[in-house]
Amino acid sequence: MQLAKVQKLFSHLSRDELLKIIAHLSARNKKADDWLLSYCSEKNVISDDEYIKKEQLLNYWSIALNIIKKNNRYGWCKDLRKGYEALDKLNKLIEENEFSWEIRKPLVDEMMEQFYTENYNFEDPLIDSCKLICQTVEEKLYLADKIKKTKNSYYRNYAADIFLKYGRDDEFVKIMTNNLKYGNDYIKLADYYAKQGHKDKAVKIVEVALDTVNSRMDEIYIWLFDKYKQDKREDKIIALYNKAMQKASDEYVILQLMYEYYQQDYDKMKDYLLKLMKHCLSEDAMKWYDTCKKMLHKEDFEREEQNLRRDLYKKNRRAYFEMLLKEGNKDEIVDFIGKYYACNNYWDGIAFFHLYTPQLKQICPSEICDFYWNEANKISKLTIKERYRDAVYILTEIHSICENENMMDEWTKKFEEFKLLHKKKTSLLEMISKSNLNP
Numbered sequence: 006m007q008l009a010k011v012q013k014l015f016s017h018l019s020r021d022e023l024l025k026i027i028a029h030l031s032a033r034n035k036k037a038d039d040w041l042l043s044y045c046s047e048k049n050v051i052s053d054d055e056y057i058k059k060e061q062l063l064n065y066w067s068i069a070l071n072i073i074k075k076n077n078r079y080g081w082c083k084d085l086r087k088g089y090e091a092l093d094k095l096n097k098l099i100e101e102n103e104f105s106w107e108i109r110k111p112l113v114d115e116m117m118e119q120f121y122t123e124n125y126n127f128e129d130p131l132i133d134s135c136k137l138i139c140q141t142v143e144e145k146l147y148l149a150d151k152i153k154k155t156k157n158s159y160y161r162n163y164a165a166d167i168f169l170k171y172g173r174d175d176e177f178v179k180i181m182t183n184n185l186k187y188g189n190d191y192i193k194l195a196d197y198y199a200k201q202g203h204k205d206k207a208v209k210i211v212e213v214a215l216d217t218v219n220s221r222m223d224e225i226y227i228w229l230f231d232k233y234k235q236d237k238r239e240d241k242i243i244a245l246y247n248k249a250m251q252k253a254s255d256e257y258v259i260l261q262l263m264y265e266y267y268q269q270d271y272d273k274m275k276d277y278l279l280k281l282m283k284h285c286l287s288e289d290a291m292k293w294y295d296t297c298k299k300m301l302h303k304e305d306f307e308r309e310e311q312n313l314r315r316d317l318y319k320k321n322r323r324a325y326f327e328m329l330l331k332e333g334n335k336d337e338i339v340d341f342i343g344k345y346y347a348c349n350n351y352w353d354g355i356a357f358f359h360l361y362t363p364q365l366k367q368i369c370p371s372e373i374c375d376f377y378w379n380e381a382n383k384i385s386k387l388t389i390k391e392r393y394r395d396a397v398y399i400l401t402e403i404h405s406i407c408e409n410e411n412m413m414d415e416w417t418k419k420f421e422e423f424k425l426l427h428k429k430k431t432s433l434l435e436m437i438s439k440s441n442l443n444p
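Going by my numbering, the sequence shown opens with residue 6, and the numbers climb by one from there.
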């Protein structure tokens, strides 16, 4: 509403009547309340700045709370971003101003009540705000007492960490003992007992995890292996290895530990190294193949070479293919690509082999062109217009190879045959006409 209209409408009203109107408008819209408080703060309307900051704080929480309750009711609401923004403004006020615990404590209580609803859209933001609000040791312990009541395993761990940091060891032990779910939970409790001088108890706690944890086991294996190694308990190490292989979980980790442990025993080291090729991650396959080549005796490597190459092929075809390129192994490359094309769809061929056209065309240009012609025809026969651009891309690669290898007569002949074969596919021919393939 324009200022002139406001003056005409309200010029005859008393101060009290104007204040009632302002209060009424403010109550109808939280944005208006926010604007009014910000305006008063900027203009120093009153000397009691603490009062304004407090009202701003409560207003931001009121806005966020209203949106959080809507989210609780429906599982989602369109104003999520506004709720996050209100909490961000609240956090900034907390960071930039001093508020008494009498003002901050009710906010913590109300925020935690919403946190207990397991509101997945606001769980983390609410805890982040509570962390800022609770500033002294007593306040942080107060928050930990609140958080420990949640069913959320992650945040129960967070509460336990607070208790441990500020000397409430009994609460830490109690929470962690009742919150053993993942390997890291067992290790955290075990580390506590180890620092207290109860090493045997710590080891027993993590050993229990071998039978109770059903998720990732790598942290457990590493922790126990280290303790057994310190105590020179080879029998325990072997038992741990057998347990891990029987459990069939994170075998790669335990095999690496065993390989490193037996560096001074060639026969045992060799056994674990060969097993690593079968259980390693695909991205590490080439590394372990090269390690075998380096660490194994020449006669042992030659004896195992075909098996190792087969393992590399199964684990990482791209790494295997790059190895063939470095070796300049033309016959195996051509045979390999031929078998690959025979059992895979056309897109696999594009994604895999076209990355290596620069190397391939130097080794066996004619054979590669033959594969690409067959691929381009196969794609075009699918009559999928969206894939025609892939066919044109392949033709461009063929043309480049033929041009560089003085094979243009072959290109011209097969290119005309290609266009004749697909003469009814107007979309494909149109794409070709817009390319630089036509003479």
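Every residue gets a Cβ at the ideal spot worked out from N, C-alpha and C, and that includes glycine.
Inset, instruction - Can you have a look at G202 and say buried or exposed, based on whether 16 or more other CB atoms are within 10 angstroms of its CB? - result: exposed
Inset, instruction - Compare the C-alpha of G343 against each of F376, R315 and L301 and name the closest. - result: F376
Legend entry - Given L360 as reference, the closest of R323, T388, E332 and E337 once Cα atoms are compared: R323
Inset, instruction - Return the CA-CA distance between K428 and Y318, expressed in angstroms with no decimal places. - result: 40 Å
Legend entry - Heavy atom of the ligand NAP within 6 Å of E380 beta-carbon: Among the ligands in the structure shown, none appear at all, so the ligand NAP cannot be discussed.
Legend entry - Outcome for S134 when other beta-carbon atoms lying within 10 angstroms are tallied against a minimum of 16: buried
Inset, instruction - To the nearest angstrom, report how far apart D236 and I243 are at their CA atoms. - result: 14 Å
Inset, instruction - Pick helix, strand or coil for S52, following the three-state DSSP scheme. - result: Unreliable positioning characterises S52 in this predicted model, as indicated by a pLDDT of 47, which lies under 50. The coordinate reading is nonetheless provided below. Looking at S52 - three-state DSSP - the assignment turns out to be coil, as it is neither helix nor strand.
Legend entry - Limits of the unbroken alpha helix (DSSP H) element including Q269: Here Q269 belongs to no alpha helix (DSSP H), and DSSP marks it neither H nor E.
Inset, instruction - Would you list, in sequence order, the uninterrupted alpha helix (DSSP H) runs of no fewer than 4 residues that lie entirely inside the region 194-220? - result: 204-217
Legend entry - Selected residue, minimal CA-CA separation from M263, among N96, A199, K390 and F230: Comparing Cα positions, the closest option is F230.
Legend entry - Where Y147 falls: helix, strand or coil (DSSP): helix
Inset, instruction - Give the DSSP-derived three-state secondary structure of I389 in the structure shown. - result: coil
Inset, instruction - Could you give the DSSP three-state label for G343: helix, strand or coil? - result: helix
Inset, instruction - Just tell me which of K179, S385, S405 and L146 has its CA closest to the CA of K170. - result: L146
Inset, instruction - Enumerate in chain order the residues of its own chain whose CB-to-CB distance from D305 is below 7 Å, with the five nearest sequence positions on each side excluded. - result: K275
Legend entry - Cβ shell of A214 (< 7 Å), same chain only, five flanking positions each side left out: G188, Y191 and I225
Legend entry - Those runs of the alpha helix (DSSP H) which lie wholly inside the region 163-188 and span at least 4 residues: 174-182, all fully within the region 163-188.
Legend entry - Cβ shell of I259 (< 8 Å), same chain only, five flanking positions each side left out: Y226, F230, L245, Y246, A249 and M250
Legend entry - Residue of E101, I73, R86 and K87 minimising C-alpha distance to K59: E101
Inset, instruction - Use the C-beta contact count for N162: other C-beta atoms within 10 angstroms, 16 or more gives buried, fewer gives exposed. - result: buried
Legend entry - Where K94 falls, given that 16 or more other Cβ within 10 Å makes a residue buried: buried
Inset, instruction - Kindly indicate which three-state DSSP category S440 falls into: helix, strand or coil? - result: coil
Inset, instruction - Can you give me the Cβ contacts of T388 inside the same chain, cut-off strictly under 8 Å, excluding the 5 residues immediately before and after it? - result: K430
Inset, instruction - Using three-state DSSP, classify T155 as helix, strand or coil. - result: For T155, the secondary structure class from DSSP, reduced to helix, strand or coil, is coil.
Inset, instruction - Starting from K297, follow the alpha helix (DSSP H) in both directions and report where the run begins and ends. - result: Per the sequence shown, residue 297 should be read as Cys rather than Lys. Residues A290 to M300.
Inset, instruction - Determine the direct distance from the alpha carbon of R78 to that of K87, and round the result to whole angstroms. - result: 17 Å
Legend entry - Secondary structure of M222, DSSP reduced to three states: coil
Inset, instruction - Look at the alpha carbon of S220 and the alpha carbon of W378, and state the distance between them as a whole number of angstroms. - result: 48 Å
Inset, instruction - Could you please give the first and the last residue of the uninterrupted alpha helix (DSSP H) stretch that includes K303? - result: K303 to K320
Legend entry - Contacting residues, own chain, Cβ-Cβ under 6 Å from K75 (five flanking each side not counted): Closer than 6 Å at the Cβ level, and outside the excluded window around K75, lie C82.
Legend entry - Spatial distance of A396 from K298 (CA atoms): 41 Å
Inset, instruction - Look at the Cβ atom of L85, then the Cβ atom of N126, and state whether they are nearer than 7 Å. - result: yes
Legend entry - Secondary structure of S432, DSSP reduced to three states: If DSSP states are grouped into helix, strand and coil, S432 belongs with the helices.
Inset, instruction - Using 10 angstroms around the beta-carbon of V218, count the other beta-carbons present and answer buried if the total reaches 16, otherwise exposed. - result: buried
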